[in-house]
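Novice: The opening position of the sequence shown corresponds to residue 3 in my numbering, with each subsequent residue numbered one higher.
Handing you this structure, nothing more for now.
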Amino acid sequence: MINGLKRAAALGAATVALAAGAVVGTVGTASAAPQDHHRPSADRRHCVKVPGHWAREWQPAYRDRHHHWHPGHWTRVWRPAHKECHR
């Protein structure tokens with residue numbers, strides 16, 4: 003019983019030492035790697051400011067809760083001004 007406990011303690015200590023060594027090794031490797039992880043931002047020439055405009059949007063046909071059929075139709079929807087950036 004005591005030999006089993008000693009063996010388990012030794013195995014646990016060895017496992018902790020190996021894990022600590024692996025962590026220290028990866029931290030050292032990661033800090034030596036180049037630090038260029040940011041993505042280049044979209045340049046101004048790739049961005050276009052789109053003014054607000056009315057767009058036509060199709061509303062599909064549906065049946066309401068009173069079982070009355072409403073056919074599909076086109077409606078005009080306001081699209082506010084926004085910026086579109088293409089890479």
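We put the beta carbon where it would ideally sit given N, CA and C, even for glycine.
All figures in this text were calculated on a predicted structure; none of them were measured in a lab.
Strictly by DSSP, which residues pair up with residue 107?
Specialist: Outside the displayed range of the chain (3 to 89) lies residue 107, so it cannot be described from this structure.
Novice: CB residue 88 to CB residue 55, shorter than 7 angstroms?
Specialist: Taking the sequence shown and counting its residues from 1, one reaches residue 88 at position 86. Taking the sequence shown and counting its residues from 1, one reaches residue 55 at position 53. No.
Novice: Using the DSSP secondary-structure output, state which residues sit across from residue 78 in a beta bridge.
Specialist: For the purposes of this step, residue 78 is taken as residue 76 along the sequence shown, with counting starting at 1. Bridge partners of residue 78: 58.
Novice: Whose C-alpha, out of 85, 76, 20, 70, is nearest the C-alpha of residue 58?
Specialist: Your numbering for residue 58 matches position 56 in the sequence shown. Closest option to residue 58, Cα to Cα, is 76.
Novice: Can you tell me the Cα-Cα spacing of residue 81 and residue 52, whole angstroms?
Specialist: Translated into the one-based positions of the sequence shown, residue 81 becomes position 79. Translated into the one-based positions of the sequence shown, residue 52 becomes position 50. The straight-line gap from Cα to Cα measures roughly 10 angstroms.
Novice: Taking C-alpha atoms, which residue in 69, 74, 8 lies nearest to residue 61?
Specialist: On the sequence shown, residue 61 is found 59 positions in, with the first residue counted as 1. Here the closest residue by C-alpha is 74.
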